[in-house]
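Q: Take this structure first; my questions come after.
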Amino acid sequence: MTIFAMPVYDATVIFEGKELFKGKGGASLWAEKLALEIASEVTVQKVGTGWALAGRVDGTDYLWGIHGQRLMRING
1 MTIFAMPVYD ATVIFEGKEL FKGKGGASLW AEKLALEIAS EVTVQKVGTG WALAGRVDGT
61 DYLWGIHGQR LMRING
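Residue numbering for the sequence shown is 1 to 76, as defined by the UniProt record's numbering.
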């Protein structure tokens, strides 16, 4: 199963209309899973009052947040 189909049941916050991880620890666990999925390094990045996943795919930088309990790109 792809990580993008897995439900995200971590605490979240809304910042500028984007749903983000509330805690760095929860975001870090999902960053590890996403890194395996996309075969690239993924870190966590503070965005306003929450945390997003940050990584590079095919030379483009992306941030991932949450939408409907699923990971979703929030930029790019």
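The C-beta atom is built at its ideal place from N, Cα and C for all residues, glycine as well.
How many Å lie between V8 and T60 at the Cα?
A: C-alpha separation (whole angstroms): 24 Å.
Q: Going straight from the alpha carbon of V44 to that of E16, what length do you get?
A: Their backbone Cα atoms lie some 18 Å apart in a straight line.
Q: Whose C-beta lies closer than 7 Å to the C-beta of N75 among residues of the same chain, with five residues either side of it excluded?
A: Taken in chain order, the residues that qualify are Y62 and L63.
Q: Over the uninterrupted alpha helix (DSSP H) stretch that includes G25, give me the two end residues.
A: Element bounds for G25: K24 to I38.
Q: Alpha carbon to alpha carbon, how far is Q69 from V47? Give it in angstroms, no decimals.
A: Between V47 and Q69, the C-alpha separation is close to 18 Å.
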